[in-house]
Structure formats: structure tokens, C-alpha cells
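> 1 is the number of the first residue of the sequence shown in full-length UniProt numbering; add one for each residue after it.
Please see the structure below; I have some questions.
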Amino acid sequence: MTAAADHFDRTSRTPRTPRTPHTPRTPRTFEALVTEAEAAPTEGWDFSWFEGRATEERPSWGYARSMAERIARASAALDLQTGGGEVLASAPAFAPLTVATEGWPPNVAKATALLHPRGVAVVAGPEDAPLPFADEAFDLVTSRHPVSPQWAEIARVLKPGGTYFAQHVGPRSVFEVVEYFLGPQPEEQSGNRHPDRERADAEAAGLEVVDLRAERLRIEFLDIGAVVHFLRKVVWMVPGFTVDAYRPRLLALHERIEAEGPFVAHSTRHLIEARKPGR
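Below is the structure:
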């Protein structure tokens, strides 16, 4: 399971036209929106359900495009925590040997169905277990939103001169949603997933960080159904989330969105490229 995905309709980082207080939409009741969101499937990382319901700015660096360029040039590539395989499958061409790992059973099945016909093996296993590959097996390791990068294992399976290229979720991502439901979170969580900490961890594992870029990106939830589906799909945001448990807060947020317009949050992302010294 990846840590999160670029969740919604994507927008570029171009300046926005000032928004009117609320664009009129066909009214829908709280119960109708919530019922629809509760019934929506949550497997894989296909976020098309959010079209017309939520938007998220894209990072400027275009991870999927850059990943595809690198994987086409590689001789042996590994995609860690591939989710449902959607991002990896967007590459027009793969390395002669391309392997993906995934730990969540529903995603394993989805990724296998998507990637196996194109010659990519999907290896299932716990995300915190040692990687089941030989030392120096790959010249490219990629990942988009891993739960927690295993730097020592990444360094071990990379060939000398090989590259780790990934997009990670940054600190306090979408915390406006988290704190709306759970209240203020401990300040020390601000350091979790911080790019500077990840640089230090990568270097401690023997890798050289050659590129590190971070961005903060605007998210808009246009109706309460989008919030419900997001929390059902990205389950670690509000652990144990159910509509019944949070109905009063959900209803209050629904009324706020109807009166004031979209609920705005921000995701954080960083691009990291690290090289294993050698040839």
C-alpha cells in the first residue's frame, strides 16, 4: 500500500482566478452524498471517482513522466509499493526486467491484473520486510508515495551507480482534514516525512542525494461525499473512520461547504533522487 496518491482531478500550479464565494451547484442532501460515498469501491489507486468532487494541484516536476523516461532506459527496474500499479502502468515502455512489490492484498490483485500482461512481475509481501531480491539486482528503484522507505534495503538492491527515484508524501500532508476530525496533532509530527530527515536517512544508508525538491499543493473538497470517500480510501488519515462515528462532524462540514464553498486543505510532496556510489 502506498502512503497516498495524488488524489483527485489534477490542476497545474498556474495562478488561480479569484473564486466567487460559492459556485451554484445542484443541491444534494447530506444523506445522499454520504450514502453514495460509502458505496464506492476503495481498491487500488484509481481516484477517478473524485472527478467533479475534489481537485488537487500537481507537483511541478511531473513524476510519472520522469519515472517513465528512466524506466525505459534501465536494464533492471524495481517499483516499490506500487499500489494498484496504475502509475507504473502509465509508462509506455519498461526495462527488460521490471518487478513491482505491494503489500495490500486488494492492490496486489489489481496490480497483477494490470501489469502481468505487460511482463511485469508483482511480488506480494509485507512492506516492512527485507526485500526478496539479491544484492545489486537493479540499476533503478522507483516508488510513488511509499509508506516508509527502507533506505538500507534500497541501497542493498541497487547496483553501484544505480538510482533511487521517487515521489514521497511530505510532513503534515492534508492535516487540515486530519485536525478537523481529530483535533490538533502533536507538534513532533511536523518532522515526520520531512525531506531533510529523509535526505539524512538516505545518506546514512550510503546513498548520495542528487536532487531533492518539495512543494505544498492546494486541495479542494467540493462536497462531503469527497471527504468521506477520501477517508475511506486513505485509511491512515483518520484511523478507524466510519460515517457513524463522525456523523456530527461530517454534517457540520457539509453545512459549511454548502454555505461557504470548498473545504481547502494542502498536500505536501517531495521528489527525491539518490545515487549509489560506484561505477
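Just so it is clear, CB atoms sit at the ideal spot from N, CA and C, and this is done for glycine as well.
By alpha-carbon positions, which one of GLY161, ILE219, ARG232 ends up nearest to GLU57?
In the sequence shown, the residue the question calls residue 57 occupies position 57. Considering only alpha carbons, the answer is ILE219.
> Under a Cβ-count criterion, where at least 16 other Cβ atoms within 10 Å of its own Cβ denotes burial, should ALA259 be classed as buried or exposed?
Position 259 of the sequence shown, counting from 1, holds the residue named residue 259. Exposed.
> Give the straight-line distance between the Cα atoms of HIS266 and VAL174, rounded to the nearest whole angstrom.
Locating residue 266 in the sequence shown gives position 266, counting from the first residue. Locating residue 174 in the sequence shown gives position 174, counting from the first residue. Whole-angstrom Cα-Cα distance: 5 Å.
> So, using beta-carbon positions, are LEU97 and SER143 closer together than 8 Å?
Reading the sequence shown from its first residue, position 97 is the one you call residue 97. Reading the sequence shown from its first residue, position 143 is the one you call residue 143. Against a cut-off of 8 Å, the Cβ pair of SER143 and LEU97 comes out as no contact.
> Tell me whether the segment 27-35 and the segment 222-230 touch, counting them as touching only if at least three CB pairs, one residue from each stretch, are closer than 8 Å.
In short, these stretches touch, since the Cβ pair count reaches three.
> Would you mind working out which of SER48, GLU86, ALA200, ARG275 sits nearest ARG65, comparing C-alpha positions?
For the purposes of this step, residue 65 is taken as the residue at position 65 of the sequence shown. Checked all of SER48, GLU86, ALA200, ARG275; the closest Cα to ARG65 is GLU86.
> In angstroms, rounded to a whole number, what distance separates the CA positions of GLY261 and ALA200?
Locating residue 261 in the sequence shown gives position 261, where the first residue counts as 1. Locating residue 200 in the sequence shown gives position 200, where the first residue counts as 1. Cα-Cα distance, rounded: 41 Å.
> Please state whether DSSP places ALA259 in a helix, a strand or coil.
Translated into the one-based positions of the sequence shown, residue 259 becomes position 259. ALA259: helix per DSSP, three-state reduction.
> Compute the Euclidean distance between the alpha carbons of LEU212 and PRO248, then round it to the nearest angstrom.
Locating residue 212 in the sequence shown gives position 212, where the first residue counts as 1. Locating residue 248 in the sequence shown gives position 248, where the first residue counts as 1. So the two alpha carbons sit approximately 41 Å from each other.
> Report the rounded CA-to-CA distance for MET67 versus HIS145, giving the unit in angstroms.
As a first step, residue 67 must be located in the sequence shown, where it is residue number 67. As a first step, residue 145 must be located in the sequence shown, where it is residue number 145. Their backbone Cα atoms lie some 13 Å apart in a straight line.
> Quick one: residues in its chain with C-beta nearer than 8 Å to the C-beta of VAL157, no 5 flanking neighbours on either side, listed in chain order?
Indexing the sequence shown from 1 puts residue 157 at position 157. Hits under 8 Å: LEU78, LEU131, PHE133, ALA134, ASP135, GLU136, ALA137, PHE138, VAL141.
> Pick out whichever of VAL99, GLU127, GLU176, GLY62 has its Cα sitting closest to the Cα of VAL147.
Looking up residue 147 in the sequence shown gives position 147. Nearest option by C-alpha distance: GLU127.
> Taking Cβ to Cβ, would you say ARG232 is nearer than 8 Å to PHE221?
Position 232 of the sequence shown holds residue 232. Position 221 of the sequence shown holds residue 221. Cβ distance not < 8 Å, so ARG232 and PHE221 don't count as in contact.
> In the DSSP output, which residue or residues are listed as bridge partners for ILE272?
What you label residue 272 is simply residue 272 of the sequence shown in a count that begins at 1. According to DSSP, which records beta bridges pairwise, ILE272 is partnered with ALA166, LEU212.
> Considering only their Cβ atoms, is the gap separating ILE257 from VAL209 smaller than 8 Å?
As a first step, residue 209 must be located in the sequence shown, where it is residue number 209. As a first step, residue 257 must be located in the sequence shown, where it is residue number 257. It is not a contact, given that the beta carbons lie outside the stated cut-off.
> On the premise that ARG193 lies in contact with GLY161, defined as a C-beta separation below 8 Å, what is that separation, rounded to the nearest angstrom?
Translated into positions along the sequence shown, residue 161 becomes position 161. Translated into positions along the sequence shown, residue 193 becomes position 193. That pair is no contact at about 28 Å.
> With DSSP as the reference, identify every bridge partner of SER48, one or two as the case may be.
Counting from one through the sequence shown, the residue named residue 48 turns up at place 48. Paired residues: none, contrary to the question.
> Here's a check: name, in chain order, each residue in its chain whose Cβ is nearer than 7 Å to the Cβ of TRP49, leaving out the five neighbours to either side.
Locating residue 49 in the sequence shown gives position 49, where the first residue counts as 1. Within the same chain, TRP49 has close Cβ partners ALA40, HIS229.
> What does the alpha-carbon distance come out to for the pair LYS276 and GLN150?
Residue 276 sits at position 276 when you count from the first residue of the sequence shown. Residue 150 sits at position 150 when you count from the first residue of the sequence shown. Roughly 14 Å between the two C-alpha positions.
> Whole angstroms are fine: how far does the CA of GLY52 sit from the CA of ARG269?
Reading the sequence shown from its first residue, position 269 is the one you call residue 269. Reading the sequence shown from its first residue, position 52 is the one you call residue 52. Going from the Cα of ARG269 to the Cα of GLY52 covers about 23 Å.
> Look up ASP223 in the DSSP assignment and say whether it is helix, strand or coil.
Against the sequence shown, residue 223 aligns to sequence position 223. Three-state DSSP puts ASP223 in coil, outside helix and strand.
> Check the C-beta distance from ILE71 over to ALA91 and give it rounded, since I have them as a contact under 8 Å.
As a position in the sequence shown, residue 71 is number 71, starting the count at 1. As a position in the sequence shown, residue 91 is number 91, starting the count at 1. Going by Cβ atoms, the distance from ILE71 to ALA91 rounds to 5 Å, so yes, they are a contact pair.
> Ends of the beta strand (DSSP E) at PHE241?
The residue you call residue 241 lines up with position 241 of the sequence shown. Careful: PHE241 lies outside any beta strand (DSSP E) and carries neither H nor E.
> Helix, strand or coil, according to DSSP, for LEU80 in the structure here?
The residue given as residue 80 occupies position 80 in the sequence shown. LEU80 falls in the strand class under three-state DSSP.
> Using DSSP with H/G/I as helix, E/B as strand and the rest coil, what is GLU43?
Translated into positions along the sequence shown, residue 43 becomes position 43. Looking at GLU43 - three-state DSSP - the assignment turns out to be coil, as it is neither helix nor strand.
> Would you report the Cα separation of THR23 and THR112, rounded to the nearest angstrom?
To locate residue 23, count along the sequence shown from 1; it is residue 23. To locate residue 112, count along the sequence shown from 1; it is residue 112. Legend: pLDDT at THR23 = 45, less than 50; position of this residue unreliable, no value from coordinates given.
> State the start and end residues of the unbroken beta strand (DSSP E) segment that holds ARG199.
Start at 1 with the first residue of the sequence shown, and residue 199 comes out as number 199. Note, ARG199: premise wrong, no beta strand (DSSP E); alpha helix (DSSP H) at 195-204.
> What distance in whole Å lies between the Cβ atoms of VAL108 and VAL122, which are believed to be in contact at a cut-off of 8 Å?
Numbered from 1 along the sequence shown, position 122 holds the residue referred to as residue 122. Numbered from 1 along the sequence shown, position 108 holds the residue referred to as residue 108. That belief holds up - the Cβ atoms of VAL122 and VAL108 are roughly 6 Å apart, short of 8 Å.
> Can you tell me which of the three DSSP states ALA134 falls into?
Locating residue 134 in the sequence shown gives position 134, where the first residue counts as 1. If DSSP states are grouped into helix, strand and coil, ALA134 belongs with coil.
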